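For the sequence shown, the numbering used here gives the first residue as 99, with consecutive numbering after it.
We put the CB at the ideal spot given by N, CA and C, even for glycine.
Remember, it's a predicted structure, so these values are computed and weren't measured experimentally.
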Amino acid sequence: MISFIRTHLAWKVFFSYVVVVLVGIIVLASATSLSVPAAFDRHMAGMSAMMYGNNMTLAPVPSAGMEGTLPLEMELYSNYQSSVTEALSLAAAAALIAAVIASFLISRQVVGPVQRMMLMSRRIAKGEYEERLKVSGNLQDNQLDELDQLGLTFNQMADKLEKTELMRLQLMGDVTHELRTPLAAIKGYMEGLMDGVLPGTPETYQQVHSEADRLQRLVNDLQELSRVEAGAYQIKLESLSPADLIETVVKHLNRQFEEKGIQLKVLLDQDLPNVFADRDRILQVLTNLIGNALQYSSSGGKVVVAGTRVKSEILISIADMGIGISPDHLSLIFSRFYRTDKSRARASGGSGIGLTIAQALVNAHHGRIWVESPGEGKGSTFTFTLPVVNINQ
99 MISFIRTHLA WKVFFSYVVV VLVGIIVLAS ATSLSVPAAF DRHMAGMSAM
149 MYGNNMTLAP VPSAGMEGTL PLEMELYSNY QSSVTEALSL AAAAALIAAV
199 IASFLISRQV VGPVQRMMLM SRRIAKGEYE ERLKVSGNLQ DNQLDELDQL
249 GLTFNQMADK LEKTELMRLQ LMGDVTHELR TPLAAIKGYM EGLMDGVLPG
299 TPETYQQVHS EADRLQRLVN DLQELSRVEA GAYQIKLESL SPADLIETVV
349 KHLNRQFEEK GIQLKVLLDQ DLPNVFADRD RILQVLTNLI GNALQYSSSG
399 GKVVVAGTRV KSEILISIAD MGIGISPDHL SLIFSRFYRT DKSRARASGG
449 SGIGLTIAQA LVNAHHGRIW VESPGEGKGS TFTFTLPVVN INQ
């Protein structure tokens, strides 16, 4: 029986209430047994005074616990003690019954959610993430007791686990699909060469090399993504000029803009303060965003890189006149392997990981990144923020 009680929380709570009531009953009985004789003496003294008056000389009323007590007084004392004991027994029995019922109901209320949580945790451990605990409190007014708060926290944990599992499954599917395309192309070229269907010309080998190079870039991007999302890299913060960072990337990509016939314009506020940033990581973010603007803009278009200060942050935006983004895709643009144009060839569309990496790097700098677009064919603007070195300057 003892081992059964130890292993069941409901019984622990139940018996804890019962023990409290029993202790109260024992204390009540002990206090009553000690106070009854003195109370009886006082009442007998009062009765004698009322019956005989103050002018009569009476022998002192013996104490209820002393020898020589008169028979009448002994009978009165016995009846008095019996009535007190009877009343105390009835009160104790009623209190015990009420305590048992209340303890049972309260223990069910306390242990019930814990038991349901235990069952759901076992299901989650088996990979079932759909079920949630029912929270009885008012979420809007934050009127939640400790059990409701525990249930709410449990549901939040289950939500995160479910999202993580979905992301894992989606990542596996995306990686499989992305790897299958270049591998299938390489295999097709090699089979064509072995069967003599394709000639062994430099152009054929260049195609094979191009697919292998694309596969290598994808693997490198996946490795970089895993490191970034796991935080397995160091951010070396230093005071940097945002104008110098933008100028470095613009010089690197300026020739490609000229070859494609796209105007690249830089608009920076005067005397922009320095920012706290990792030079290599922010150059990676800028290269990705400006490179995307170049890739998805048509000849004759224009890309504007702007920098301005807003309170304690520097806002850097890259606006283009390219293919644009529909409103339905804006919230998904930073997801892994996501492409707004599903019909676009994989080779021209990149790996679909660059924006995810850029978002993680900006977040690591305690900044923000977002995208705005009027719609498809109307261009888009990517903006991210970096903290300034000294907000008082």
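Which residues DSSP lists as bridging residue i, in chain order
i           : result
residue 407 : 412
residue 375 : 336
residue 285 : Paired residue(s): none; residue 285 is not in a bridge.
residue 269 : DSSP, once it has assigned bridges, lists no residue as partnering residue 269.
residue 248 : Residue 248 pairs with nothing; no bridge assigned.
residue 362 : 401
residue 418 : 478
Endpoints, beta strand (DSSP E) assigned at residue i
i           : result
residue 467 : 467-470
residue 492 : Absent from the model: residue 492. The displayed extent of the chain is 99 to 491, so no value can be given.
Option in the options with minimal Cα separation from residue i
i           : options               : result
residue 273 : 319, 260, 478 and 429 : 319
residue 317 : 451, 485, 285 and 172 : 451
residue 475 : 268, 418 and 485      : 418
residue 502 : 333, 364 and 354      : The chain is shown only over 99 to 491; residue 502 falls outside these bounds and no answer can be derived.
residue 416 : 410, 433 and 389      : 389
residue 335 : 357, 379, 350 and 310 : 379
residue 233 : 393, 312, 278 and 250 : 250
residue 377 : 270, 189 and 339      : 339
residue 266 : 114, 177, 434 and 459 : 434
residue 280 : 270, 199, 307 and 321 : 307
residue 332 : 481, 186 and 462      : 462
residue 290 : 278, 277, 368 and 305 : 305
residue 278 : 295, 312, 292 and 261 : 312
residue 116 : 324, 276 and 197      : 197
Min CB distance residue i to chain E below 9 angstroms
i           : result
residue 485 : Included in the structure is just one protein chain, with no chain E present.
Residue range of the alpha helix (DSSP H) that includes residue i
i           : result
residue 304 : 300-328
residue 480 : Looking at the DSSP string, residue 480 is not in any alpha helix (DSSP H); the run it does join, the beta strand (DSSP E), is 478-485.
residue 423 : First-last for residue 423: undefined, no H or E at that position.
residue 459 : 452-462
Rounded distance between the beta-carbons of residue j and residue i, thought under 8 angstroms
i           : j           : result
residue 337 : residue 372 : 4 angstroms
residue 470 : residue 479 : 5 angstroms
residue 502 : residue 431 : In the structure as shown, the chain starts at 99 and stops at 491, and residue 502 therefore has no counterpart that could be examined.
residue 407 : residue 384 : Rounded, the Cβ-Cβ distance is 17 angstroms, inconsistent with contact.
residue 344 : residue 405 : 6 angstroms
residue 189 : residue 119 : Between residue 119 and residue 189 the Cβ distance is about 12 angstroms, and since that is not below 8 angstroms, they are no contact.
residue 513 : residue 252 : Within the shown structure, residues of the chain are numbered from 99 to 491, placing residue 513 beyond reach of any answer.
residue 326 : residue 458 : 4 angstroms
residue 486 : residue 411 : 7 angstroms
residue 358 : residue 413 : The pair is not a contact, with the Cβ atoms about 27 angstroms apart (cut-off 8 angstroms).
Contact test: residue i Cβ vs the ligand HEM heavy atom, cutoff 8 angstroms
i           : result
residue 306 : Looking for the ligand HEM in the displayed structure turns up nothing, as the structure carries no ligands at all.
Exercise for review: State whether the region 288-307 contacts the region 460-469, with contact taken as three or more CB pairs (one from each stretch) at a distance under 8 angstroms.
Suggested key: no
**Study point:** Contact between the region 243-263 and the region 209-218 (3+ Cβ pairs under 8 angstroms)
**Key:** yes
Check your understanding: How about the region 420-428 and the region 256-264: do they share at least three Cβ pairs that are nearer than 8 angstroms?
Key -> no
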